[in-house]
Amino acid sequence: MSAPKVYTWDELKSDEAKSKSGILMLIHGKVYAISKFLDEHPGGDEVLFGEVGRDATEAFEDVGHSDEAREILKKYYVGEGPEVSFRACHAGVHENWVAD
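Anchor point for the sequence shown: position 77 equals 77 in UniProt numbering, and the numbering is continuous, going up by one each time.
Structural data, given as structure tokens:
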């Protein structure tokens with residue numbers, strides 16, 4: 001098995017990642033391609049689009065997703081997010097901070 005793709009902030013903030021056909025979501029340092037889930041999301045697609053291009057971990061946890069929702073999310077895993085996002089999130093640093 002090959003190593004998972006590591007996405008950059010540029011990729012996560014790209015027009016393609018924000019389009020309905022290519023939407024990428026970063027949650028707990030993992031990247032999910034959730035375009036196929038948009039129509040099924042109980043909260044509607046607007047809440048998902050509101051978190052594109054940033055670390056959506058806090059928003060995901062604030063909702064209190066069920067274990068079933070977390071299992072569904074695993075199906076859409078496509079790679080890892082920028083390492084700094086995970087560290088920054090847990091250190092209380094702004095979620096969109098990127099090391100040069």
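The beta carbon of each residue, even a glycine, is placed where N, CA and C say it ideally should be.
query: Taking Lys18 as the reference, which of Ala3, Thr57 and Ser35 has the closest Cα?
result: Residue numbering aside, residue 18 sits at position 18 when the sequence shown is read from its first letter. By alpha-carbon distance to Lys18, the top candidate from Ala3, Thr57 and Ser35 is Ser35.
- prompt: Near Glu16, which residues of its chain fall below 6 Å by C-beta distance, leaving aside the five closest residues on each side in sequence?
  reply: Residue mapping note: residue 16 aligns to position 16 of the sequence shown, counting from 1. Hits under 6 Å: Gly22.
- prompt: Distance, Cα to Cα, residue 103 vs Asp67?
  reply: The question about residue 103 has no answer here: the residues shown for the chain are numbered 1 through 100.
query: Is the segment 69-83 close to the segment 34-49, with three or more CB pairs under 8 Å?
result: As far as the Cβ criterion goes, the segment 69-83 touches the segment 34-49, which means the pair count is three or higher.
field: C-beta contact flag for Val31 and Gly64 at 7 Å
entry: Within the sequence shown, the letter at position 31 stands for residue 31. Within the sequence shown, the letter at position 64 stands for residue 64. No; because the gap between Cβ atoms is not below 7 Å, this pair is not in contact.
query: Going by the beta-carbon positions, is the gap between Ile27 and Ala56 smaller than 7 Å?
result: Against the sequence shown, residue 27 aligns to sequence position 27. Against the sequence shown, residue 56 aligns to sequence position 56. Yes, they are a contact pair.
message: DSSP three-state label for Glu83, please.
response: Residue numbering aside, residue 83 sits at position 83 when the sequence shown is read from its first letter. Residue state, collapsed to three classes: helix.
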